[in-house]
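Beneath this line is the structure, given in structure tokens, with notes to follow.
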Amino acid sequence: MQQHIEKPMSTGFKVNVDGEIVEFPNWDVTREQVLEKVGKVPVECYSLYQKLEGCDFELVRPKQKIDLRNLGIERMTVKDPVTFTYQFKEEPETTESKELSAEEILLAGGIDPRKEYLIQVIDNGPDVIFAFNPNARIKMQCSGMKFITGTWIEEINLEEYGKSCREVTPAHRYRVKVHDQYQVLTSPYTTGKDLIILSGKPNYKEYEIYAVYSNTPAPRKIGYDEDVDLTKQCLVRFVRQPKEQTEGRGSRQQFVLPEGEAELLDNRGFHWETLIYGNQRWILIYDYPVPPGYNVKSATVALKIDPGYPGAQIDMASFSPHLIRTDGKAIAAVTPFSLDGKSFQQWSRHRKAGEWQPGIDNIITHLLLVDNWLTKYAPVCHE
1 MQQHIEKPMS TGFKVNVDGE IVEFPNWDVT REQVLEKVGK VPVECYSLYQ KLEGCDFELV
61 RPKQKIDLRN LGIERMTVKD PVTFTYQFKE EPETTESKEL SAEEILLAGG IDPRKEYLIQ
121 VIDNGPDVIF AFNPNARIKM QCSGMKFITG TWIEEINLEE YGKSCREVTP AHRYRVKVHD
181 QYQVLTSPYT TGKDLIILSG KPNYKEYEIY AVYSNTPAPR KIGYDEDVDL TKQCLVRFVR
241 QPKEQTEGRG SRQQFVLPEG EAELLDNRGF HWETLIYGNQ RWILIYDYPV PPGYNVKSAT
301 VALKIDPGYP GAQIDMASFS PHLIRTDGKA IAAVTPFSLD GKSFQQWSRH RKAGEWQPGI
361 DNIITHLLLV DNWLTKYAPV CHE
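Start counting the sequence shown at 1; every next residue gets the next number (the working numbering).
What follows is the structure, given as structure tokens:
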């Protein structure tokens, strides 16, 4: 009589994954199900290999079905990912490279790097812009990386952008005013030393360079080896200043005049200083000659310098001590105010609209106008 042997009831299908026996209720499982079972999540961050009897390990592809009834499956192992998924302009992309350059990501997405540049979107931080380092290697992550693009601008005039504090985006060329001339740079990164040399002074150690911003009255001194980012908002221009100053300049130089004007003041023999008082910029010219007909022969002249100067005009003039006509008659349209601990007399005198000519008018030409005012309002007959 033939004996019937009952096979023990199996509770499922088992497989060895890196020494751990895991069991599934069904015989057909996917790579993703195996990885989740052994706690390797997110599954995009891992790869799964299976070892068949007599064969080497082979990669199990995403969504690939595995037949656990196959007795030839010896074991499985989990390793680092072999493919990386990322978003490019909201479209999913994959790569088997552990690192990609910004240019490679653009080209893979069908984008011309001469027209657009790569931006990595960071969820909880500032985005990373690869406009000027397209060959930088980007370490790919298993998932969650997002990239978008920006459009190149052909040329940006930094003086125009800086006056309105407009955001400076990547451009093929940057037009920047260095001292009294415009220069065109193809990179937004330079140094203080290079700016001085660019301004026509190869003996750069004899000079200093300052950055002028529209949102602050005081320019910022830049070190020779200091890195300068031209894309910083509100940057208007750079001015050069000689290290050795003539005796005409006072000890207070709290903001920098264009070098040409400083030399003109020195050549006239004036003793002068630049002062930041409150949020306003002033130039003080000491012992300025006053024509006959007033109570003093000389006075301190204060001129308010607008942050937009020399594009913006100089207006009016103020004197300390107050000027008084020797004939006792009042001087029209004058107002007292305090500056630098002294009382000044402001003369409200103005040019007609459009009379200020940037590039022609400056402090010296305004002083000529001041001379005319002093002569005009002096008594006709005086001692």
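Each residue gets a CB set at the ideal place from its N, CA and C atoms; glycine is no exception.
In this text, all values refer to a predicted model and were calculated from it rather than measured experimentally.
query: Helix or strand or just coil, what does DSSP make of E406?
result: Shown here, the chain extends from 1 to 383; a query on residue 406 therefore has no answer.
message: Excluding the 5 residues flanking I197 on each side, which residues of the same chain have their C-beta closer than 6 angstroms to its C-beta?
response: Y204
message: Based on DSSP bridge pairs, tell me the residues matched to L275.
response: W282
- prompt: Does the stretch 210–224 touch the stretch 143–156, meaning 3 or more C-beta pairs lie closer than 8 angstroms?
  reply: no
Cβ-Cβ distance between A136 and I156 below 7 angstroms: no
message: As a quick exercise: from N267, P321, A312 and M316, pick the residue whose alpha carbon is nearest that of T300.
response: P321
- request: Would you grab the beta carbon distance between W152 and E208 for me? Rounded to a whole angstrom, and I think it's under 8 angstroms.
  value: Actually they do not touch by this definition, with Cβ atoms about 34 angstroms apart.
field: Buried versus exposed, by CB contacts within 10 Å (16 or more), S298
entry: exposed
message: Going by C-alpha to C-alpha distance, which of E206, R237 and I222 sits closest to K163?
response: R237
query: Does DSSP classify I122 as helix, strand or coil?
result: coil
- request: Rounded to whole angstroms, what's the CA-CA distance from S187 to R351? Just pull it up for me.
  value: 41 angstroms
task: Go ahead and pull the three-state DSSP assignment for R349.
output: coil
Where the alpha helix (DSSP H) through Q33 begins and ends: R31 to K37
message: For a quick check, are the C-beta atoms of V78 and K40 less than 7 angstroms apart?
response: yes
task: Under the assumption that F147 contacts I122 (Cβ atoms under 8 angstroms), give the Cβ distance between them as a whole number of angstroms.
output: Contact flag wrong, Cβ pair sits at about 11 angstroms.
Separation of Y309 from L158, as counted between CA atoms: 16 angstroms
Straight-line Cα distance separating P258 from G200: 14 angstroms
query: How is H172 classed by DSSP in three states: helix, strand or coil?
result: strand
field: Rounded Cβ spacing between V17 and M76 (contact assumed at less than 8 angstroms)
entry: 5 angstroms
Whether G223 touches G192 by CB criterion (7 angstroms): yes
query: Excluding the five sequence neighbours on either side, which residues of its own chain have a C-beta within less than 6 angstroms of the C-beta of I129, listed in chain order?
result: I119
task: Determine the closest residue to Q345 out of A330, G354, G359 and W356, with distance taken between C-alpha atoms.
output: A330
task: Go ahead and pull the three-state DSSP assignment for N104.
output: It should be pointed out that residue 104 corresponds to Glu in this sequence rather than to Asn. Residue state, collapsed to three classes: helix.
- prompt: Considering only residues of the same chain and omitting the five flanking positions on each side of T335, which have a CB-CB separation below 8 angstroms?
  reply: Q345, Q346 and S348
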